[in-house]
Structure formats: structure tokens, C-alpha cells
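For reference, the structure is listed below as C-alpha cells.
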Amino acid sequence: MTDPEARQPGVTRKALLRAALVVPAVPLLAGMPALASTPSGQPLAVTPESCDDDDLTPPQMEGPYFKPGSPLRTAMVDGAGARLTVTGYVVGLACQPIAGALLDFWQADNAGAYDNVGNRFRGHQFSDPQGRFTLSTIVPGLYPGRTRHIHVKVQAPGRPVLTTQLYFPNEPRNSTDSLFDPALLMNVQQVGSARQATFDFVLNVPGTPPSPSPTATASPSPTPPTGGTWQPYQPYAVGAQVTYGGLAYACQIAHTSLPGWEPPNTPALWQRR
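Taking mature numbering (1 follows the signal peptide of the UniProt record, and there is no 0), I'd label the letters of the sequence shown as residues -36 to -1, 1 to 237.
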């Protein structure tokens, strides 16, 4: 696979929309994802209001540290550092959510070093049926010549791979990094000692836009089950109690479960009781 040339930094309409976003608790339109939420359920930013060719997520170079075969996981907190959660959607040109899109993340550790032997701070996952993804990691460290960034490959099923990078706002090195592109800035909030960020990937995938209901309805809040066996595609709130393999677990991060996220495989999501 050959990487496309890194696009020269420039401000697109999507970047301007993203920069102007406020964070209101607005309702969802039925059938259409309208809010990206943190694992605790707090809304951060609306999904793209425009998804035409001008709003495609720009590609960037792969860099020298990519390794194939990363583990399937949504949490890659593999060392010390300020906690970071990134959430968002993968959508196509008609703003339609893309389910089952591959997202492969890799980044430097807190000291600015990449693990080129093992899989520390490397992992891949798939977007859920609504096109959503969640990544739990740390704020990457700095190394000479670059600003803070997270690498990612995104691929809709049966479509070409987009290789790009995500950036942090208000970083001093953004102005001196030749690869920095403001169109790839995440929305980042400080929440206590951690950071919560959102970013929506717009891929060159044609499709039919979602058909929202004419009546806006409030987004349902997941209710912690009183018990039962863990199941995929179920919303679990913090404190939810489930059993799996004869053992009991408590939910630590609100999420919608997917195959492969069974409690023994996702200690960041489930705590043994």
C-alpha cells in the first residue's frame, strides 16, 4: 500500500464548522447519529453537518512506526500518562454512518517513544452499527520535529484505506510541524485530570443520507440492568451488573457492547466482582 502525499495544511469548511461548535445538550433525531458522547455519556460535538468532497478527512503520511497485526481492543492504556478518551463517528459522503469500519490506531508513549517490538499503544477496532468508535489511551508524548499526534488507518468495508493523523488544539508545536493540518484537529476538553476528545471521519463512500424523523426525540439513556448474562449490541451504563462464563462483572465505562468485547477481554470496560 502506498500512502498518498501529505496534504498541505489548509482550512476547509469542515474545519471552520468544527472550530465554531458549541457543546449544547441538543436532542437526537431518530435514526440519525447527532452527538458523539464520552464513555460517561456526556455530549461533546455534533457529527459533521456537511459531508461532501470538501469535507473528506484528509490523508497524511503513515510515518516509519506503523506495524500490522495490532490487537483488537478499544483500550490501549499501556503506560503512564494523562488519560485520553477519543470518541466519534465514521460516516460517508451522504453523512450516512458506516458500520464495521476498521480503525487501527498507533501512537507514542508518554516519553515520545514508539514500541516497535510489541504492541504497546497499538490497537484496532471496528465501528458499531451506528458508525461510532471509542478509544481509551493516553496523551502521547513529544519527540523531536513533531507536535502531539495520533496515527490512524480507517477503512470502510470493501473500500480503500485512509491513513491519517489526529492533532491536539493549542499545542505550541502545531505552528512548526510541517505535517500539521487544522482539518485534523480533535475537539478536546479537560475533564478533571483526563482529556475527552471527539473526531468524526468522513470517508469517500457514496450512500444515502439518513432519513430523520420530523419530530426530534431525546436520546435514550442506558439503564443499568439488574442482572443477566453479557450480550453483544447492548447498551451498558456505569454500574451495570452482568455475568459471563459463570463470573460476575460490573461495568466501569458506559458503552454499547460488540462481539469481542466480552468482560474477560475488556478489563477497561468490566471489573471482576
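Yeah, the Cβ is synthetic: ideal placement off N, Cα and C, and Gly gets one too. Note that the structure is predicted; figures quoted are calculated from it, not measured.
1) Answer yes or no: do Gly158 and Val152 have a C-beta to C-beta separation smaller than 8 Å?
2) Have a look at Tyr208, Arg86 and Ala201 and flag the residue whose alpha-carbon is nearest the alpha-carbon of Gln195.
3) Ala65 and Val118: beta carbons closer than 8 Å?
4) Count the other CB atoms within 10 Å of the CB of Gly95; is the residue buried (16 or more) or exposed (fewer)?
5) Taking Arg159 as part of the beta strand (DSSP E), name the residues at either end of that continuous run.
6) Just checking my contact of Ala120 with Val41 at CB under 8 Å: how many whole Å lie between their CB atoms?
7) Is it right to say Gln154 is buried, meaning 16 or more other beta carbons lie within 10 angstroms of its own, or is it exposed?
8) Straight-line CA distance for Thr127 to Arg86?
9) Does the count of Cβ pairs from the region 73 to 81 and the region 121 to 141 closer than 8 Å reach three?
10) If you check the beta carbons only, do Thr38 and Gln89 fall under 8 Å apart?
11) Among Thr220, Thr172 and Leu130, which has the Cα closest to the Cα of Asp68?
12) Where does Asn168 sit, in a helix, a strand or coil, going by DSSP?
13) Pop quiz: Gly43 and Ile114 are said to be a contact at Cβ under 8 Å. What is the actual Cβ separation, rounded to whole angstroms?
14) Between Trp70 and chain C, is any beta-carbon pair separated by less than 8 Å?
15) How would you call Arg236, buried or exposed, if buried means at least 16 neighbouring beta carbons within 10 angstroms?
16) What's the C-alpha gap between His219 and Glu226?
17) Would Val54 and Phe165 qualify as a contact pair, given that the criterion is a beta-carbon distance under 8 Å?
18) State buried or exposed for Pro104, treating a residue as buried only when at least 16 other CB atoms are found within 10 Å of its CB.
19) Using DSSP with H/G/I as helix, E/B as strand and the rest coil, what is Leu20?
20) Enumerated in chain order, which unbroken segments of the beta strand (DSSP E) with a length of 3 residues or greater are wholly contained in the region 119 to 149?
21) Short check: CB of Ser100 to CB of Thr49, under 8 Å?
22) Give the range of the beta strand (DSSP E) segment to which Val152 is assigned.
23) Measuring straight from C-alpha to C-alpha, what distance separates Gly192 and Gln205?
24) What is the C-beta distance between Leu148 and Gly56, in whole angstroms, given that I count them as a contact (C-beta under 8 Å)?
Let's see:
1) Note that residue 158 is Ala in the sequence shown here, rather than Gly. Taking 8 Å as the Cβ cut-off, Ala158 and Val152 do not qualify as a contacting pair.
2) It is Tyr208 whose Cα lies nearest to the Cα of Gln195.
3) Contact check for Ala65 against Val118 passes: the beta carbons are separated by less than 8 Å.
4) Buried, by the Cβ-count rule.
5) Counting along the chain, the beta strand (DSSP E) containing Arg159 begins and ends at Ala158 to Thr162.
6) For Ala120 against Val41, the beta-carbon gap comes to about 27 Å, at or over 8 Å, which does not count as contact.
7) When all chains shown are included, Gln154 counts as exposed.
8) The C-alpha of Thr127 lies about 15 Å from the C-alpha of Arg86.
9) Contact between the region 73 to 81 and the region 121 to 141 is absent, because fewer than three Cβ pairs lie under 8 Å.
10) Yes, Cβ-Cβ distance for Thr38 and Gln89 is below 8 Å.
11) Ranking Thr220, Thr172 and Leu130 by Cα distance to Asp68 puts Leu130 first.
12) Reduced to three states, the DSSP call for Asn168 is coil.
13) In this structure Gly43 does not touch Ile114 by the C-beta definition: roughly 15 Å separates them, more than the 8 Å allowed.
14) Of the protein chains in the structure, only one exists, and it is not chain C.
15) With fewer than 16 other Cβ atoms within 10 Å, it is exposed.
16) Cα to Cα, the separation comes out at about 12 Å.
17) Going by C-beta atoms, Val54 is nearer than 8 Å to Phe165.
18) The residue in question, Pro104, is buried, as its Cβ has 16 or more Cβ neighbours within 10 Å.
19) Coil, per DSSP.
20) As far as the region 119 to 149 is concerned, its whole beta strand (DSSP E) runs of at least 3 residues are 125 to 131.
21) With respect to the 8 Å criterion, Ser100 and Thr49 are classified as neighbours on the basis of their beta carbons.
22) For Val152, the enclosing beta strand (DSSP E) stretches over residues Asn151 to Val155.
23) If you take the alpha carbons of Gly192 and Gln205, they lie about 8 Å apart.
24) 18 Å between Cβ atoms; not a contact.
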